[in-house]
Amino acid sequence: MKIAVLSGSPKGDSSITLQYVRFIQRAFPQHDLKVHHLSQNIQRIEKDERTFTEIIDDIRSSDGILWAFPVYVFLVPSQYKRFIELIWEKGVQDAFNNKYAAVLTTSVHFYDHTAHNYMRAICDDLDMSFVDSFSADMDDIFADQMRARLLLFARNFFAAIENRLPALKIHLPLVDSKFRYAPGSAKNRIDTHGKRIVVVTDVQDDQSNLARMVKRFSQSFRQDIEVVNLHDINIKGGCLGCIQCAFDNICVYQGKDEFIDFFNARQRDVDINIYAVTIKDRYLSSRFKMHLDRSFFNGHVPLLTGKQMGFIVSGPLSQIANLRQILEAEAGMSKANLVDIITDECADSSRLDSLLHNFASKCIQLSLENYMRPPTFLAVGGHKVFRDLIWARARFPFLADYRYYRRHGMFDFPQKDKRYLERNEQMLDLIKTPEMKETVRKMMKTKMVEPYQNAAETKRIT
């Protein structure tokens, strides 16, 4: 059986993900797993029609497709995202139709689920027969039990192909709107009060809804705000996954393109950070993803602590819950306050004018108030994954991260919270006898709420 392995690591043969593929190949030598290094060769694939066609022809002649990639910033690497875009741009979706598909990733389980959700939706959009996905921790290959699971995943994938097992689709096709936004003139313009507002966008068409939304948002203010188009910045390529930045946040691209200078200038003294983006397939553009991936030269540190963040989105966001969660997580992991996400889905120009104007007003108001919404699981859970990673197995090579986490008190392990530890010891001693245990059990409901009642009634209102 012939399997086309679509490799998503920019590191090619040096990819950790690829070692999992090689292990599968060694266990199943009767099958031919042909690897295509899409991310590593994306510039040639994009420019050379022959190279692209050879890959598509191999996909056509394959019995199954294995999408194999490392998770980069909630999703696939930007180079891999670009290849997925090319499938539609070049009209070769039929090469994937009815092909059996599986997804294999490696990561530290930081938002691996959103990457898998994305790829499952892409497979459904391509009318593929999706079998299964396997999210491996980077180090799972060293554990007997996890290697056994990996081989069972592969065995079941091959069996599904051989037996032509039916597959279930879980995503409906996206329904695009024909709405054309015609903005009205801005009235009652808002004073920025000296707040620095930066809009980062991937606009390509000046007549698009997104371009008009950005313009209308900008006109909401009395003073000029900064708008940066990612297509105007010289960015040589996506993140290479080389981790050479881990010691001291110096990127291998340093001095070779404009991205690092642009990023550092945008981050410095920004009060309100707005991303204005267009949905492309089930995510945003590969150009925007490249911007996020390249930001990794800063490591695993929050980059917009205490700032305001918002999104202006053109496209069917309400149909892609996975993407909304990614946007919310991006704000949460940046330790920024998510003001709002405005889309053009209302399909009413007057209403969209009002939404954008109100959004602009809220950005200034919340910035002046230094308002920060409490974090949800998206930020709390993500922080704990990174905290434990940097404390232990990734302390080397991520020395810059470790220094930052120590300096900012981000190693907030529960064993350091003496208040709760001491209370637990006291209560455990108290319920050692059956009689007292039963007494405490009956008092649990009222006694638990007492300190909160006291706080609500007596704490100072500021």
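All residue numbers for the sequence shown refer to the numbering used here, where the first residue is 1015 and numbers rise by one.
All residues carry an ideal CB built from backbone N, CA and C; glycine is no exception.
In the DSSP assignment, what residue or residues form a beta bridge with residue i?
i, result
"Ser978", "Look at the range of the chain in this structure, 1015 to 1476, and you will see that residue 978 is not part of it."
"Ser1516", "Given that the chain is displayed from residue 1015 to residue 1476, the structure contains no residue 1516 and the question cannot be resolved."
"Pro1084", "Thr1120"
"Ile1274", "Answer is none; Ile1274 lacks a bridge partner."
"Val1241", "Val1213"
"Asn1287", "Val1212 and Met1323"
"Ala1018", "Lys1048 and Ile1079"
"Asn1351", "Gln1322"
"Leu1403", "Looking at the DSSP assignment, Leu1403 forms no beta bridge with any residue, so it has no partner."
"Thr1357", "Val1327"
"Leu1188", "Partner(s): none; Leu1188 has no beta bridge."
"Phe1235", "Ile1204"
If you drop the 5 nearest sequence neighbours on each side, which residues of the same chain put their C-beta closer than 6 Å to that of residue i?
i, result
"Asp1077", "Met1015, Lys1016 and Ile1175"
"Ile1258", "Note on residue identity: the sequence assigns Gln, not Ile, to residue 1258. Taken in chain order, the residues that qualify are Val1266."
"Phe1373", "Asp1354 and Ile1356"
"Arg1074", "Ala1109"
"Leu1047", "Ile1017, Val1019 and Gln1039"
"Val1242", "Val1214"
Let me know the secondary structure DSSP gives residue i once reduced to three states.
i, result
"Leu1370", "helix"
"Lys1294", "strand"
"Glu1452", "helix"
"Gly1078", "strand"
"Thr1031", "helix"
"Ser1363", "helix"
"Leu1492", "What is shown of the chain runs 1015 to 1476, which leaves residue 1492 out entirely."
"Phe1261", "coil"
"Tyr1182", "For the record, residue 1182 in the displayed sequence is Leu; it is not Tyr. In the structure shown, Leu1182 sits in coil (DSSP, three-state: anything other than H, G, I, E or B)."
"Leu1380", "helix"
"Ile1204", "strand"
"Leu1089", "strand"
"Phe1097", "helix"
"Tyr1419", "helix"
"Met1304", "helix"
"Thr1472", "helix"
Which residues in the same chain as residue i place their Cβ atom closer than 7 Å to its Cβ, once the five residues preceding and following it in sequence are excluded?
i, result
"Ile1378", "Ile1204, Thr1206, His1207 and Lys1209"
"Asn1263", "Phe1311, Asn1312, Gly1313 and Ala1414"
"Gln1107", "Ile1101 and Leu1140"
"Phe1425", "Arg1401, Trp1405 and Tyr1419"
Can you tell me which of the options puts its alpha carbon nearest to the alpha carbon of residue i?
i, options, result
"Asp1285", "Lys1048, Arg1301 and Gln1322", "Gln1322"
"Ala1345", "Glu1383, Pro1389, Ser1309 and Ala1335", "Pro1389"
"Ser1368", "His1123, Asn1202 and Ile1101", "Asn1202"
"Cys1256", "Ala1408, Ser1029 and Asn1177", "Ser1029"
"Ser1479", "Asp1138, Val1049 and Leu1317", "This structure cannot speak to residue 1479, because the chain is shown only from 1015 to 1476."
"Val1315", "Ile1288, Ser1332 and Met1347", "Met1347"
"Ala1018", "Pro1024, Val1117 and Arg1064", "Val1117"
"Phe1391", "Glu1342, Arg1417 and Pro1411", "Glu1342"
"Ser1328", "Thr1215, Arg1387, Phe1412 and Arg1433", "Thr1215"
"Asn1170", "Asp1154, Asp1151, Val1145 and Pro1330", "Val1145"
"Cys1253", "His1245, Gln1237, Ser1300 and Pro1428", "Ser1300"
"Tyr1103", "Tyr1114, Phe1066, Thr1031 and Val1087", "The amino acid at residue 1103 is misidentified as Tyr; the sequence shows Glu. When only C-alpha atoms are compared, the closest one is Phe1066."
"Thr1031", "Ser1149, Asn1055, Phe1193 and Ala1200", "Ser1149"
"Arg1236", "Val1090, Ser1375 and Glu1436", "Ser1375"
"Asn1223", "Gln1333, Gln1339, Lys1183 and Ser1363", "Ser1363"
"Tyr1114", "Asp1062, Pro1091 and Pro1180", "Pro1180"
"Val1035", "Glu1060, Asp1154, Leu1442 and Val1090", "Asp1154"
"Asp1219", "Gln1033, Pro1197 and His1245", "His1245"
"Asn1112", "Asp1062, Asp1126, Arg1178 and Val1454", "Arg1178"
Can you list, in chain order, the residues of its chain with a C-beta nearer than 8 Å to that of residue i? Leave out the 5 residues immediately preceding and following it.
i, result
"Gln1057", "Gly1251"
"Met1450", "Leu1444"
"Gln1268", "Ile1274"
"Arg1474", "none"
"Asp1072", "Ala1018, Lys1048 and His1050"
"Val1189", "Pro1330 and Gln1333"
Would you say residue i touches the ligand ZN, meaning its beta carbon is less than 7 Å from a heavy atom?
i, result
"Phe1425", "This structure simply doesn't include the ligand ZN, nor any ligand for that matter."
Assess, as a yes-or-no matter, whether the stretch 1242 to 1257 is touched by the stretch 1304 to 1320 under the definition of 3 or more beta carbon pairs within less than 8 Å.
yes
Does the count of Cβ pairs from the stretch 1316 to 1330 and the stretch 1150 to 1164 closer than 8 Å reach three?
no
Sufficient close CB pairs (3 or more, under 8 Å) joining the stretch 1078 to 1098 to the stretch 1291 to 1300:
yes
Say whether the stretch 1224 to 1238 touches the stretch 1268 to 1287, bearing in mind that this needs 3 or more beta-carbon pairs closer than 8 Å, one atom from each stretch.
Segments in contact, no.
Validate contact between the stretch 1078 to 1085 and the stretch 1119 to 1135 using beta carbons, cut 8 Å, 3 pairs:
The answer is yes - the stretch 1119 to 1135 touches the stretch 1078 to 1085, with three or more Cβ pairs under 8 Å.
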